[in-house]
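0 is the number of the first residue of the sequence shown in numbering that gives the first Met the number 0; add one for each residue after it.
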Amino acid sequence: MIKFSVKNFSKIILVVPAFFFLAVMSFPREATSQNTSTETKLAKISFGSAVNRENLKARFQAYSNNLSLAPSATNSGDNSTVGSVTSSSPDNNQRTGKIKILVVPGHDNEYPGAEIGNIREADFNLKIAEYLKNFLEQETAFEVYTTRDADFIKTETENKQDKNGYTDYFQKYLDENISEVLDFRQSYKEETEKKFKNSLSSSSKKIEHNPAPGEMLYRLYAVNKFVEDNQIDLVIHIHLNDYAGRTGEEWKYKGFSIYVPDNTLRNGKESQALGKYISKTLDDNFKNSNNPVEKKKIILGHELIANGANNTIAAASVLIEYGYIYEDRFQNEETLKKAAEQTYLGIKNYLTKKL
Ligand SMILES: [Zn+2]
Numbered sequence: 000m001i002k003f004s005v006k007n008f009s010k011i012i013l014v015v016p017a018f019f020f021l022a023v024m025s026f027p028r029e030a031t032s033q034n035t036s037t038e039t040k041l042a043k044i045s046f047g048s049a050v051n052r053e054n055l056k057a058r059f060q061a062y063s064n065n066l067s068l069a070p071s072a073t074n075s076g077d078n079s080t081v082g083s084v085t086s087s088s089p090d091n092n093q094r095t096g097k098i099k100i101l102v103v104p105g106h107d108n109e110y111p112g113a114e115i116g117n118i119r120e121a122d123f124n125l126k127i128a129e130y131l132k133n134f135l136e137q138e139t140a141f142e143v144y145t146t147r148d149a150d151f152i153k154t155e156t157e158n159k160q161d162k163n164g165y166t167d168y169f170q171k172y173l174d175e176n177i178s179e180v181l182d183f184r185q186s187y188k189e190e191t192e193k194k195f196k197n198s199l200s201s202s203s204k205k206i207e208h209n210p211a212p213g214e215m216l217y218r219l220y221a222v223n224k225f226v227e228d229n230q231i232d233l234v235i236h237i238h239l240n241d242y243a244g245r246t247g248e249e250w251k252y253k254g255f256s257i258y259v260p261d262n263t264l265r266n267g268k269e270s271q272a273l274g275k276y277i278s279k280t281l282d283d284n285f286k287n288s289n290n291p292v293e294k295k296k297i298i299l300g301h302e303l304i305a306n307g308a309n310n311t312i313a314a315a316s317v318l319i320e321y322g323y324i325y326e327d328r329f330q331n332e333e334t335l336k337k338a339a340e341q342t343y344l345g346i347k348n349y350l351t352k353k354l
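Below, the structure written as structure tokens:
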């Protein structure tokens, strides 16, 4: 399992490779002052509403027909414009403009996720993401963003320290928003804990998520703040799976699963709906996971940062594990393309189908 959650920090003591300690040590300096930072310094936040499918469907239809969307079509009647960001309860179901989709190929060159021999999860995620981006860009109603570049697939000569493969605009965002991201994380965390004091027990006890190393934790929250700042509507996180305790001989599990936020998070409902549509189209070409903890195919929780832990995002967000990294099929370029195509069709169905 190579997913990052905010919990289970104690488990890593047993499994961390040395680089983890280095990563923690290199966590941006501001992190060390987090515990002592004054409460008044943190922005006061209140959660805005999540995106809303009816609004998304109206915008999809309007922009597919090359029309701009009149405010009345969004059932809003206000003057909200895309690009204006406020920190006070924005009504995100009244958004206008094209549908903004962020494709996040999981992991990066520095922390490549699951590995088997020379195969690195990060590289496969990137390939699927690139295909997905191409499919999505065929739609006039979509504005597509991505965190990592396809230009960069690891080669032996590449210097890992120098480049982690992020797109220029996302790298710039990472570099220029360190204290903002840390404040963002901390204020949402505090606000969420206050609001859901007793109800936030561990919803995914059976699934052991690997916690994010310090630097990666920062990057994942930066993705979420980027999503909020840019009013992204849909976030698609792309991963291949692995499981703890895998040996060379015994590869027990295969198949896909989709992780979505539960109903304690504001984006739970829409993310679950989006996840269902994607799972339906994946069903046409892929088998779902036979790992008992993924039996339900769509797995709900509130701890994955990618899904919007601590209520950090209004966007619908799904984390797709297309299968297990050692499955032979992922060596085939056509499989990667098919995975992307079925995801694209699922997203489109979510925006066009009745139910
Ligand atoms: Zn992964």
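From the three backbone atoms N, C-alpha and C, an ideal C-beta is built for every residue, glycine too.
The three-state reading of DSSP puts GLU326 in coil, since its state is none of H, G, I, E or B.
Linking ASN54 to ARG94 through their CA atoms gives a straight-line distance of about 7 Å. The alpha carbon of VAL234 has as its nearest neighbour, out of ASN223, GLU138, ASN240, the alpha carbon of ASN223. Within the model, the alpha-carbon separation for TYR172 versus ILE231 is close to 15 Å. Shortest Cα-Cα distance from LEU135 to any of PHE329, LYS353, THR342 involves THR342. If you ignore the 5 residues before and after ILE100, its C-beta comes within less than 8 Å of the C-beta of LEU135, PHE141, GLU142, VAL143, TYR144, ILE231, ASP232, LEU233, VAL234, ILE235, ILE346, all in its own chain and listed in chain order. The criterion of a C-beta distance shorter than 9 Å is not satisfied by GLY47 and ASN117.
About 20 Å separates the CB atoms of LEU219 and ILE324; that is not less than 8 Å, and the two are not in contact. When TRP250, ASN306, ASP282, SER288 are compared, the shortest CA-CA separation from ARG265 is found for ASN306.
Not one heavy atom of ligand 1 falls within 8 Å of the beta-carbon of ASN163.
By the CB criterion at 9 Å, ILE127 and PRO111 fall outside the cutoff. Residue environment analysis places GLY254 among the buried positions, since at least 16 neighbouring C-beta atoms fall within 10 angstroms of its C-beta.
In this structure, ligand 1 has a non-hydrogen atom nearer than 8 Å to the beta-carbon of ALA113. Relative to the Cα of TYR349, the nearest Cα in the group ALA49, ILE277, LYS132, LEU131 belongs to ILE277. SER256 places its beta carbon less than 9 Å from that of ASN287. Around GLY274, the same chain offers ILE257, VAL259, ILE297, VAL317 as residues with beta carbons nearer than 7 Å, after the five sequence neighbours per side are excluded.
Burial check for GLY322: the Cβ neighbour count within 10 Å reaches 16 or more, so the residue is buried. If the five residues before and after ASP261 are omitted, its C-beta is found closer than 7 Å to the C-beta atoms of SER202, GLY267, LEU299, GLY300, HIS301, all from its own chain and listed in chain order.
Setting aside the 5 residues that flank it on each side, THR311 is surrounded in the same chain by TYR187, ASN223, each with a C-beta closer than 6 Å to its C-beta; the list follows chain order.
Between the alpha carbons of LEU281 and GLN271 lies a gap of roughly 15 Å.
Shown here, LYS126 sits in a helix according to DSSP, grouped into three states. Note on PRO291: under 16 other CB atoms within 10 angstroms of its CB, so exposed under the neighbour-count rule. Ranking THR263, ARG328, ALA313 by CA distance to the CA of LYS194 puts THR263 first.
For ASN240, the enclosing beta strand (DSSP E) stretches over residues 233–240. Residue pairing by DSSP places GLY300 opposite PRO260 in a beta bridge.
Of the heavy atoms belonging to ligand 1, at least one sits nearer than 8 Å to the Cβ of GLY105. Distances taken from the Cβ of GLU214 to the heavy atoms of ligand 1 include none shorter than 8 Å. Per DSSP, the unbroken alpha helix (DSSP H) holding GLU189 starts and ends at 177–194.
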